[in-house]
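Q: Numbered per mature numbering (1 follows the signal peptide of the UniProt record, and there is no 0), the sequence shown spans residues -34 to -1, 1 to 653.
Note that the Cβ used here is the ideal one computed from N, Cα and C, for glycine as well.
Please read all numbers here as calculations on a predicted model, not as lab measurements.
Could you have a look at this structure, given as structure tokens, before my questions?
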Amino acid sequence: MKRSPKSAHLSAVISPIVGMSLLLASTFTGQALAQAQVESNAASKAATNVVAKDTVASAKADPSGKLSRAVLFAGEVHASDSIPILVPTSNVSPVALRYYVPEGARVKAGEVVLRVDVQGNSDIERIELEITQARQTNAREVADLEVRQIEAEKALITARAALAKAKVDAALPKAQIAALDYDKYQGELDRATKDLEVKQKALAIASEAIQRKIEDGVLAVKKSEIQLAFAKTQIAQAEVRAPKDGVVIHGYDSWSGKRLDEGGMGHIGSLAGHIMGNGQMSVVAYVLEADRLFIKTGQVVTVRFDAIPGRLVKGTIGNIAGAPEAKATWGNGRYFKADITLSDTQGLSLQHGMSAAIEAIDPSVAAARKTVNKTPPAQLNLEGDVLSRQSYAVAPPSIQNVWEFNLVMLAPEGTHVKEGQPVAVFEANEVGTRLDTFRSSLKEKQRALEKLKLDQAETLRAADLAVSEAKSNSEKAVRKASLPRELVKRVDYDKLVVERELFAQLAQLAVRQRDAQKRAKEQEMLGMKTELAQLQKKIDVLEKGLKGLTVTAPRAGTVVHLSNFNGEKFAVGSRVFMSSAIANLADPEKLYVSAKVPEAQISLIAMGQKAKVTVPGANTVVAATITAMGPVFHGKSSNQPIVVRDIELEFDGLPKTVKPGTAVQVQLETHKPATTATTSSAVKGAK
């Protein structure tokens, strides 16, 4: 078939890219491969427009309708059943990680994995106090309204008595009394009737006011109860529990690039790590946008792993994302995310986080290609840090509504402090100001309470006098109405009977009014005492926080300074955000070395291997042994996307001159990695 000029031009553009991809496939894998691929992005993107324009023309020129060329891209190993750990919600962001299980720890379903610092406990106490105050205030206001209702009942009873008397006078025959008196009696009857209607409406309004106040009190309490339930839920949500059994893997802070650990700071909703299960391992690959045309679902690919040199595995492309996404750690390119299922992983110790190099090429071609084997270095030089297995985080106290502190004293790094000795001193001027304000308010409330006690005693004495007077009037009315009926005029006798009933009811209402006034004063007294208790509690909290500004050592240890968000170590004069740890108090008797080994060199070391730890400052060399390896591979930091694996080394003899926090150099004599099969046999085994 005769090739079109555009096809020839396309081949001229793509051929160098294919040659570069094949060369990279034979010399690099993993992160080195990804870096080389980023460098070739410019050439690939330059060809993208040509590829896009000529796709239709090439498809017409090729009867098979297929576009194909070798594609080289990178990915990483993931556990198919891994579950993300997200930083839960809190009142502030970033939030302090008060508890985080160590990396590599195996957890069971339902166990607490992560707990953040929240102010839910103080909110619960505040809301419970608000509920108590709301109930007391409502009870006092209802009692005051009951007093007004009783006053309205008194007025209504008096109006009824006046109407009854007016009816007695108005019933007199017009012919037997003067015309002026008759008109006066009729007018008094009309006025008493209207006055009774007014008093009835006033009593109905007073009763409705009491009912509304009771309902308002119920709503206010219900609102506070909802807030209380929310605060309790917030405390419950401050804990992350494992939904299934697995191994905990820590993540990184997307802002600072620091590895998240207990005592650190995390942003709400950010990824704090994973719970890795025992499911099948698969590869998540990232295909450059320009290479998307040359891969498809179900396509067979070959996979290499940096951590397992000399092995080649066959895989199949599964799902491919519908839109590209950025991957900042690899540069400015955009990548399509693709899932790759490995056909045979028997004999491969795959672990979460391993980097992989994937080639979309015929496996027989990949197997026939000669692999360039580099001679491994005879010695590895790693950077490490001396850490303590037991340490105490030094942080400012948690004081409500205080967000920043000024560090005015910090023990020098490397200082050995004794138990009870000051390690750091913080300063927060608003604490002293608020404390003085609350103390002044407390004294004012105490004086108001004394005055309220006097007023209550005076009110109760006046209520007792009113009850005695009402009872006395009732007794007088009873005696007057007990006169013989034949000795008193009928009209006057009927009025005496009305007054007897009136004063008897007024005596009963006087007792009820006294009881209501007593309840109102008692609730007012309780409300005042509650306010005093609230102020006193605030003062106690602030005094405790003021005392906590001086942090003392709970046990003997060595001071190790920490870094802030900008990567600078805390020093005197630094501004410290609430709950931020500024230093660690490390136990010098439980030291070990933590180092990170690049993925491509992990096959050169083994458990139990001897090493030499050099302390540059002290010019000391100490023997150590590799005792543990991290459960996963991970990026060194968000700023250094090199895939590494953590290792721990124990000193053969505890050095006296080495202190926690010291940066050291680790020297390891390498051994030749075991290769169980050649590349060709590996492909045959994968088939």
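Tell me the DSSP secondary structure of Val134 in three-state form.
A: Judged by DSSP in its simplified three-state form, Val134 adopts helix.
Q: Along the chain, where does the alpha helix (DSSP H) that runs through Ala289 open and close?
A: Element bounds for Ala289: n/a, residue is neither H nor E.
Q: What are the residues that DSSP puts in a beta bridge with Asp481?
A: Paired residue(s): none; Asp481 is not in a bridge.
Q: Run through the DSSP bridge pairs and tell me what Arg491 is partnered with.
A: Note that residue 491 is Met in the sequence shown here, rather than Arg. Met491 pairs with nothing; no bridge assigned.
Q: Is it a yes or a no for the stretch 435 to 447 touching the stretch 467 to 484, going by three-plus beta-carbon pairs under 8 Å?
A: yes
Q: Which of helix, strand or coil does DSSP assign to Gln345?
A: DSSP places Gln345 within a strand segment (E or B) once states are collapsed to three.
Q: Please state if the CB of Ala476 and the CB of Ala436 are separated by a distance shorter than 8 Å.
A: yes
Q: Mapping the DSSP letters down to three states, classify Val579 as helix, strand or coil.
A: It is a strand residue.
Q: Where does Gln41 sit, in a helix, a strand or coil, going by DSSP?
A: Here the sequence assigns Gly to residue 41, which means Gln is not the residue at that position. The answer is strand: DSSP assigns Gly41 an E or B state.
Q: Please classify Val253 as buried or exposed, where buried requires at least 16 other C-beta atoms within 10 Å of its C-beta.
A: buried
Q: What does a CB cutoff of less than 8 Å around Gly493 pick up in its chain, not counting 5 residues either side in sequence?
A: Gln99, Gln102, Thr103 and Arg106
Q: Quickly, what does DSSP pair Met595 with across the bridge? List them, please.
A: Ile613
Q: Once the 5 residues before and after Gly514 are set aside, which same chain residues still bring their CB inside 7 Å of it?
A: Correct list, in chain order: Pro363.
Q: Please check if any C-beta of chain B sits within less than 8 Å of the C-beta of Thr341.
A: The structure shown contains no chain B, having only a single protein chain.
Q: Considering only their Cβ atoms, is the gap separating Thr55 from Gln200 smaller than 8 Å?
A: Yes.
Q: What would DSSP say about Glu69, mapped onto helix, strand or coil?
A: Coil.
Q: Please report the straight-line C-alpha distance between Arg485 and Ala109, rounded to a whole angstrom.
A: 6 Å
Q: Measure the Cβ-Cβ separation of Lys303 and Ala287 and say whether it is below 8 Å.
A: yes
Q: Can you tell me which of Lys419, Gly627 and Asp83 puts its alpha carbon nearest to the alpha carbon of Gln356?
A: Gly627
Q: Measuring CA to CA, which of Leu95, Val73 and Leu80 is closest to Thr496?
A: Leu95
Q: In terms of residue numbering, what span does the alpha helix (DSSP H) encompassing Asp182 cover?
A: For Asp182, the enclosing alpha helix (DSSP H) stretches over residues Ala145 to Gln203.
Q: At the level of alpha carbons, what is the spacing between Thr381 and Asn367?
A: 33 Å
Q: Please name the residue or residues paired with Tyr252 in a DSSP beta bridge.
A: Ala40 and Lys303
Q: DSSP has Gly232 in a bridge; who is on the other side?
A: Val61
Q: By Cβ distance, which residues of its chain are closer than 8 Å to Leu546, with the 5 residues on each side in sequence left out?
A: The question names Leu, yet the displayed sequence has Ser at residue 546. The answer, listed in chain order, is Ala62, Met231, Ala361, Pro362 and Asn530.
Q: Can you check the stretch 337 to 411 for any beta strand (DSSP E) of at least 3 residues that lies completely inside it and give the ranges in chain order?
A: 345 to 354, 357 to 360, 370 to 376 and 388 to 393
Q: Using only CA atoms, which one of Thr623, Ser569 and Ala589 lies nearest to Gly583?
A: The shortest C-alpha separation from Gly583 is found at Thr623.
Q: Kindly indicate which residue of Phe617, Val598 and Ser236 has the alpha-carbon position closest to the one of Val579.
A: Phe617
Q: Which term fits Ile613, buried or exposed, when burial requires 16 or more other beta carbons within 10 angstroms of its beta carbon?
A: Under the 10 Å beta carbon count, Ile613 is surrounded by 16 or more other beta carbons and is classified as buried.
Q: Can you round the beta-carbon distance between Val383 and Ala377 to whole angstroms, since I take them to be within the 8 Å contact cut?
A: Val383 to Ala377, Cβ: 6 Å. Contact.
Q: What does the Cβ neighbour count give for Gly350, buried or exposed, with the cut at 16 atoms within 10 Å?
A: By the C-beta density criterion, Gly350 is buried, having at least 16 other C-beta atoms within 10 angstroms.
Q: How many Å lie between Ala208 and Val79 at the Cα?
A: Rounded to whole angstroms, the separation of the alpha carbons of Val79 and Ala208 is 6 Å.
Q: Given a threshold of 16 other Cβ atoms within 10 Å of its Cβ, counted over all protein chains shown, does Ala273 qualify as buried or as exposed?
A: buried
Q: To the nearest angstrom, report how far apart Arg611 and Thr586 are at their CA atoms.
A: 26 Å
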